[in-house]
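Each remark here refers to the structure printed beneath this line.
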Amino acid sequence: MIKTARLDIVPMTISLASRRYVDWLNDPEVTRFSSQRHRVHSLDSVQAFISSFAGTPNRFWALIVVANGVHVGTATHYVDVANRSADIGIMIGDRDLWGKGYGREAWVALMRYGFETLELERITGGCASGNIGMRRIFEAANMTAVPLGSSNSIVTDYDDTVVRYFAIKDRWLNPTVT
Ligand SMILES: CC(C)(COP(=O)(O)OP(=O)(O)OC[C@H]1O[C@@H](n2cnc3c(N)ncnc32)[C@H](O)[C@@H]1OP(=O)(O)O)[C@@H](O)C(=O)NCCC(=O)NCCS
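Numbering of the sequence shown is given in my numbering, commencing with residue 4 and proceeding in unit increments.
Encoded structure:
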C-alpha cells in the first residue's frame, strides 16, 4: 500500500470493480483525454483488465479516501523492467473531487514509490496537450517536458498533441544533484 495524507493507494482488485467504477470509464467527461473514450466498458471488461496485470511487473492501483473509505480513482505503473523505467497513469473517476489536489497528491506518491520501492531510474507520463489539469500535475511534480509534437486525431475539440514528461531518480529525489 502507498499512503498519502488523504489517500490509501491499494492494489486494484476485482472486488473494487464496482458499477460506479465502470460508470467512470463510460463517462465521456472522465475519458475525454483518453483512448478509453473509444470503448464501451462493462463489469466483464474491467474485470478482465484487472486480471491482465497478474504475472506482469505492472501495478494497478485503487485510490481510496482515508477519511471515508470511498474509492475515487485508479492509477497504473507500466514497468519496463529492462530499462528500470515506468510510465504512470492516473484517473480521479469521481468528478466531484476534481481540483481538490487528490491527483497531485497521488501522483507524487506514485512517483516516489516507483523510485524508492520499485527501484526505478526513470518515471514517465504523458497526456494530451489540452489536458491542463494533468499538465499542472507533471509540472508540480518536478517532471521535465518532452514535447513530441504530433496530433493523434482530428476529432477532438482540444489540442490532443501528446506531451510527455519524465523524471530521473537521483535528480528527483535530490534536487540539488545536477
Ligand atoms: C487530470 C486529473 C488526474 C487531475 O486530477 P485532480 O485531482 O483534479 O488535480 P489536482 O486537484 O491535483 O490539480 C492539479 C492542478 O491542476 C489544476 N486543474 C485540475 N483540473 C483542471 C482543469 N480541468 N482545468 C484546468 N486546471 C485544472 C488544479 O487547479 C491544480 O492547479 P494548481 O497546480 O495551480 O494548484 C483528473 O482531472 C482526472 O482524473 N481526469 C480524468 C482522467 C485523466 O485525464 N487522466 C490523465 C491522463 S494520464
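All C-beta atoms, glycine included, are put in the ideal place defined by N, C-alpha and C.
Bear in mind the structure is a predicted one, so any value in this text is a computation, not a measurement.
At a threshold of 7 Å, does residue 36 count as lining ligand 1 (C-beta to nearest heavy atom)? Here residue 36 corresponds to residue number 33 of the sequence shown, with the count starting at 1. Residue 36: yes, Cβ under 7 Å from ligand 1.
Output needed for residue 50: all residues of its chain with C-beta closer than 6 Å, excluding positions within five of it in sequence on either side, in chain order. Along the sequence shown, one-based indexing puts residue 50 at 47. Taken in chain order, the residues that qualify are 17, 20.
Buried or exposed for residue 147, please, with buried defined as at least 16 other CB atoms from any protein chain shown within 10 angstroms of its CB. Indexing the sequence shown from 1 puts residue 147 at position 144. It counts as exposed.
At a cut of 8 Å, does the region 66-76 reach the region 41-57 through at least three beta carbon pairs? no
Considering only the alpha carbon of each residue, which of 166, 26, 144 lies closest to residue 175? Here residue 175 corresponds to residue number 172 of the sequence shown, with the count starting at 1. Nearest C-alpha to residue 175: 144.
What's the gap between the Cα of residue 109 and the Cα of residue 123? The count along the sequence shown starts at 1 and reaches residue 109 at position 106. The count along the sequence shown starts at 1 and reaches residue 123 at position 120. Approximately 18 Å between the Cα atoms of the pair.
Which word fits residue 88, buried or exposed, when buried means at least 16 other C-beta atoms lie within 10 angstroms of its C-beta? To locate residue 88, count along the sequence shown from 1; it is residue 85. So residue 88 ends up on the buried side.
Mind checking residue 94: buried by the 16 CB within 10 Å criterion, or exposed? In the sequence shown, counting from the first residue as 1, residue 94 sits at position 91. The residue in question, residue 94, is buried, as its Cβ has 16 or more Cβ neighbours within 10 Å.
Terminal residues of the beta strand (DSSP E) in which residue 92 lies: If you number the sequence shown from 1, residue 92 lands on position 89. That run of the beta strand (DSSP E) goes 88-95.
Work out the CA separation of residue 11 and residue 68 for me, nearest whole Å. The count along the sequence shown starts at 1 and reaches residue 68 at position 65. The count along the sequence shown starts at 1 and reaches residue 11 at position 8. One C-alpha to the other measures close to 6 Å.
DSSP three-state assignment for residue 65, whether helix, strand or coil: As a first step, residue 65 is located in the sequence shown; it is residue number 62 there, counting from the start. Of the three classes helix, strand and coil, the one that applies to residue 65 here is strand, per DSSP.
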